[in-house]
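Visitor: Starting off with a structure, shown below.
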Amino acid sequence: MTQIKPHGGKLINRTLAEQKRKKILEQSSEYQSVPISVDLMKDVENIASGLFSPLEGFNCREDFDSILYNKRLSNGLPWTLPIVLDTDDDNGIKEGDEVLLKNNDHIVAVVQVEEKFGYDKRAYAEQVFGTNDAAHPGVAKTYSMKDTLLGGKISLINESQTPYFKYAMKPAETRNLFKENGWEKVVGFQTRNVAHLGHEYLQKSALTMVDGLFINPVIGKKKKGDFRDEVILESYEVLIDNYYPKDRVVLGIFQTEMRYAGPREAIFHAIVRKNYGCTHFIIGRDHAGVGSYYHPYAAQEIFKEFPDIGIEPMFFMSFFHCNKCGGITNDKVCPHNDRIDFSGTKMRQMIESGQRPPADSMRPEVADVILKSGNPFVD
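So this is what it looks like as structure tokens:
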């Protein structure tokens, strides 16, 4: 069976060979170093594993500018979010240096500095997020970044540990797993939430048209009020155990921060799932959105700009429970107005007051997982 090619045609591997790794660790005191956050550490690991293929490191200026203004790398390949390393301007690092990246005392990687350059944070925010409003979490993060960017290839030295190890599959592993399962067509599903019945219906609708479903929640930093990582995973575990065919579904995590970049992040998410080996990707209502910054279906419209993305988007409208039809349906097939919308806000309010959302909105097993957690939300 033929598998979809990684973005750019080749799965990148930027993990150091053991001999080179040992040598750098032995000589680590001789290197300059740059402190990095957990989020940047995950970016480094995702570059190294090929999840961000074709990137081999942090964006240099030509690619950075091209991403901002063309939504593509300088070679024309679709790419919509900058992957950058911000640092202080006065740290003495020069172009051509090899620099260690550290998260606290943990040596993460070495970067070969090809370029050191300044950038306009307001332009960054306006292009990527479509707004310069500091109330937007992605804009606020951009404004808090340091003033200088380092571009260059990375080489991973030490991978961080995760409590969700069994779900932390790299692209080479998911591709092998899909192949072993005999799946030629695989649909990826992005989520940062627990599943209500609308999500389940959407996933199963997509699954009827392909061989396998890859449920791929984002595990990493989210905004206040989003569901906590362990609650998302536990809720999907019970949902899959009780309501999905075991040989048709894989649960794996995408370790990264949410950027809340709406349409641009939808393209980025599709590229990542292509690298995982998915042939299709679900785009629903308000994908990667926040507040009212993006039109509910802007993340679907943007795909018109990328006929060459190499993964097939599957667009779904919002789902609801129709009392007259007697089940979950959507605007394309249901003519009635006697409906109950899946209100995340309403379900959240019920959960906060200790109530179980009704069975026509959420599976009782999923509700029980959420309620027993005590505090299911990010503080």
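Residue numbers (my numbering): 51 to 429. The beta-carbon is built from N, C-alpha and C at its ideal position, and this holds for glycine as well.
Taking the alpha carbon of Y344 as the reference point, which residue from G180, G377, M400, K216 has its own alpha carbon closest?
Guide: Residue mapping note: residue 344 aligns to position 294 of the sequence shown, counting from 1. That would be G180, whose Cα lies nearest to the Cα of Y344.
Visitor: Under 9 Å, do L131 and E315 count as touching if we go by C-beta distance?
Guide: As a working mapping, residue 131 is identified with position 81 in the sequence shown. As a working mapping, residue 315 is identified with position 265 in the sequence shown. In this structure, E315 lies closer than 9 Å to L131 by Cβ.
Visitor: Would you report the Cα separation of L200 and D93, rounded to the nearest angstrom?
Guide: By 1-based counting over the sequence shown, the position of residue 200 is 150. By 1-based counting over the sequence shown, the position of residue 93 is 43. For L200 and D93, the distance between alpha carbons rounds to 14 Å.
Visitor: Among the candidates L252, I290, V244, whose CA atom is the shortest distance from the CA of V268?
Guide: Taking the first residue of the sequence shown as 1, we reach residue 268 at position 218. The candidate whose alpha carbon is nearest that of V268 is V244.
Visitor: Any chance you could list the beta strand (DSSP E) runs of at least 3 consecutive residues sitting entirely within the segment 149-191, in chain order?
Guide: You should have 156-162, 165-168.
Visitor: Mind checking whether G416 and V288 have CB atoms under 9 Å apart?
Guide: Taking the first residue of the sequence shown as position 1, residue 416 is located at position 366. Taking the first residue of the sequence shown as position 1, residue 288 is located at position 238. The sequence shown places Val at residue 416, rather than the Gly named in the question. Going by C-beta atoms, V416 is nearer than 9 Å to V288.
Visitor: Flag this pair as touching only if the segment 326-336 and the segment 253-270 have three or more C-beta atom pairs under 8 Å; answer yes or no.
Guide: The answer is yes - the segment 253-270 touches the segment 326-336, with three or more Cβ pairs under 8 Å.
Visitor: Whose C-beta lies closer than 7 Å to the C-beta of D197 among residues of the same chain, with five residues either side of it excluded?
Guide: The sequence position of residue 197 within the sequence shown is 147, counting from 1. Excluding sequence neighbours, D197 sits near D139, G168.
Visitor: So, at 7 Å on beta carbons, what are the nonlocal neighbours of Y164 in its own chain, with the 5 sequence-adjacent residues on each side left out?
Guide: The sequence position of residue 164 within the sequence shown is 114, counting from 1. Checking the sequence, you will find Glu at residue 164 rather than Tyr. So the list reads C110, E145, G201, G202, once near-sequence residues are dropped.
Visitor: For T306 versus D89, is the C-beta distance shorter than 9 Å?
Guide: Against the sequence shown, residue 306 aligns to sequence position 256. Against the sequence shown, residue 89 aligns to sequence position 39. It is a contact, given that the beta carbons lie within the stated cut-off.
Visitor: Apart from the five residues just before and just after F37, which ones in its own chain have a Cβ nearer than 8 Å to its Cβ?
Guide: Here the chain comprises residues numbered 51 to 429, so residue 37 is not present and cannot be evaluated.
Visitor: Cutting at 8 Å between CB atoms, please list the residues of its own chain near S78, excluding the five before and the five after it.
Guide: Working through the sequence shown from its first residue, we reach residue 78 at position 28. Result list for S78: L150, I157, in chain order.
Visitor: Measuring alpha carbon to alpha carbon, tell me which of S342, G341, H337, G360 ends up nearest E351.
Guide: Position 301 of the sequence shown, counted from the first residue, corresponds to residue 351. Selected option, being the one with the closest Cα: H337.
Visitor: Beta strand (DSSP E) containing D430: first to last residue?
Guide: What is shown of the chain runs 51 to 429, which leaves residue 430 out entirely.
Visitor: According to the Cβ coordinates, are I204 and I97 closer than 9 Å?
Guide: Indexing the sequence shown from 1 puts residue 204 at position 154. Indexing the sequence shown from 1 puts residue 97 at position 47. Yes.
Visitor: Taking the alpha-carbon positions, what's the N231 to K296 distance?
Guide: Here the question's residue 231 lines up with position 181 in the sequence shown. Here the question's residue 296 lines up with position 246 in the sequence shown. Cα to Cα, the separation comes out at about 11 Å.
Visitor: What does the Cβ neighbour count give for V84, buried or exposed, with the cut at 16 atoms within 10 Å?
Guide: The sequence position of residue 84 within the sequence shown is 34, counting from 1. Classification for V84: buried.
Visitor: Among F102, D279, K152, D410, whose alpha-carbon lies nearest the alpha-carbon of L75?
Guide: Counted from its first residue, the sequence shown places residue 75 at position 25. Closest by alpha carbon: K152.
Visitor: Between the Cα of Q82 and those of S285, C375, N141, N292, spot the shortest distance and give me the residue it belongs to.
Guide: As a first step, residue 82 is located in the sequence shown; it is residue number 32 there, counting from the start. Closest option to Q82, Cα to Cα, is N141.
Visitor: Our contact map puts H330 next to I361 with C-beta atoms below 8 Å; I'd like the distance itself, whole angstroms only.
Guide: What you label residue 330 is simply residue 280 of the sequence shown in a count that begins at 1. What you label residue 361 is simply residue 311 of the sequence shown in a count that begins at 1. Indeed they touch by this definition, with Cβ atoms about 7 Å apart.
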